[in-house]
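Numbering-wise, the sequence shown is residues 1 to 258 according to UniProt numbering. We put the CB at the ideal spot given by N, CA and C, even for glycine.
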Amino acid sequence: MVWTLALPLLADTLSGDPAEPPTETSAEIAQREYEEVLALTPDAERGREVYLTCAVCHLPEGWGSVDGSYPQIAGQLPTVIIKQLADFRAGNRENPLMYPFSVPGILGGPQEIADVAAYVSQLPMTAENGLGPGSDLEAGEALYIEHCTDCHGAAGEGDEAEHIPMIAGQHFAYLMRQFDAIRSGERKNADSKMTEEIQDLTQAEQVALLDYTARLRPAAGKLAQEGWLNPDFPHYLRDAMGLRVKPPAGLKSVPVSE
Ligand code: HEC
Ligand code: HEC
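Structural data, given as structure tokens:
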């Protein structure tokens with residue numbers, strides 16, 4: 001043990017090279033894992049088991065919260081889910097709530113990422129996502145067509161091959177928060193062309209644009225029937241004796257859409 005550790009060190013010392021600093025960036029580490037996951041065959045049934053830990057925050061339905069503290073992840077493209085999970089755990093996207101649940105000891109390895117992404121992506125989406133004020137939708141549409149269609153698609157459907165997120169039907173407040181984080185550079189994994197594209201928008205334009213985006217409807221086949229609750233989690237405690245389960249300390253309360 002001692003020797004296996006000491007020999008390479010000794011070799012370095014003798015050759016006179018300074019210790020090599022780690023050269024792989026968080027983006028490169030995430031990219032490597034992303035490719036590793038894509039080479040695997042996903043098992044959505046096993047993904048359901050993995051999803052049990054995620055449901056605490058993302059709810060069994062994966063619908064997130066209207067106030068934007070949690071995104072709607074149901075129905076998201078599998079490559080996007082995989083990319084985001086790989087990014088969170090490599091430190092290429094930072095969030096103190098999401099990070100601890102992305103690490104290998106909790107989430108698992110590349111196979112578990114593949115499995116949970118397959119499971120989440122087939123969950124039907126809520127049509128009752130949070131929307132903006134609705135006062136400037138024509139301007140929002142024009143801005144969307146000018147700045148966003150090329151990458152995110154005319155219907156906000158995203159692009160599976162290029163891991164561009166579906167943004168149709170996402171909560172308005174979440175879109176606003178991510179947009180701010182992307183524009184300011186706070187969100188590390190942002191697409192640099194997108195960051196450039198949105199630099200000159202005013203606050204009013206951003207509101208109009210993202211209000212329009214939140215109102216883009218996902219394909220009808222992706223939406224849940226009214227009143228649908230995820231039957232995979234029949235014993236999930238939604239509202240015990242009229243009292244919501246308290247979120248762990250540090251979490252904002254999550255209004256559940258009913
Ligand atoms: C403790 C609460 C919590 C748990 C548990 C949790 N997440 Fe998250 N997750 C979040 C929050 C908060 C965000 C939004 C992060 C941000 O604002 O940047 C998020 C974001 C995400 C995103 C990015 C969505 C997007 O469109 O940007 C994915 C994908 C995701 N979570 C999947 C999962 C999966 C899969 C699990 C289970 C392995 C999980 N999460 C467990 C809180 C949680
Ligand atoms: C050059 C291509 C490109 C353009 C143009 C672009 N985006 Fe993006 N966008 C991306 C990519 C790629 C990502 C995902 C980056 C990552 O996390 O890997 C993204 C992420 C996002 C996210 C975060 C989604 C999530 O689930 O976390 C939002 C919101 C978004 N874009 C909205 C927009 C809007 C609105 C426009 C038009 C003003 C726009 N984008 C223009 C490529 C683009």
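DSSP places residue 98 outside both helix and strand once states are collapsed to three, so it counts as coil.
Contact between the stretch 195–211 and the stretch 104–111 is not established, with fewer than three Cβ pairs separated by less than 8 Å. By the 16-neighbour rule on beta-carbons within 10 angstroms, residue 45 is exposed. Residue 159 is bridged by DSSP to 164. Nearest in C-alpha terms to residue 172, of all of 127, 190 and 154, is 127. Beta-bridge pairing by DSSP links residue 125 to 223. Note on geometry: alpha-carbon atoms of residue 32 and residue 39 lie some 11 Å from one another. The stretch 181–197 and the stretch 88–97 touch, with no fewer than 3 CB-CB distances between them shorter than 8 Å. The C-alpha of residue 119 lies about 12 Å from the C-alpha of residue 82. In the displayed model, residue 39 falls within coil according to three-state DSSP, outside both helix and strand. Ligand 1 never approaches residue 66 closely enough for any of its heavy atoms to be under 7 Å from the residue's Cβ. In this structure, residue 227 lies away from residue 72, with their beta-carbon atoms at least 8 Å apart.
Fully enclosed alpha helix (DSSP H) runs of no fewer than 4 residues occupy 137–147, 149–152, 172–184, 192–197 and 203–215 of the UniProt domain "Cytochrome c" (135–217), in order along the chain. Residue 121 has its Cβ no nearer than 7 Å to any heavy atom of ligand 1. Of the residues 129, 115 and 122, the one whose Cα lies closest to the Cα of residue 167 is 129. Spanning the alpha carbons of residue 182 and residue 88 requires a straight line of approximately 15 Å. In this structure, residue 86 sits near residue 34, with a CB-CB distance shorter than 8 Å.
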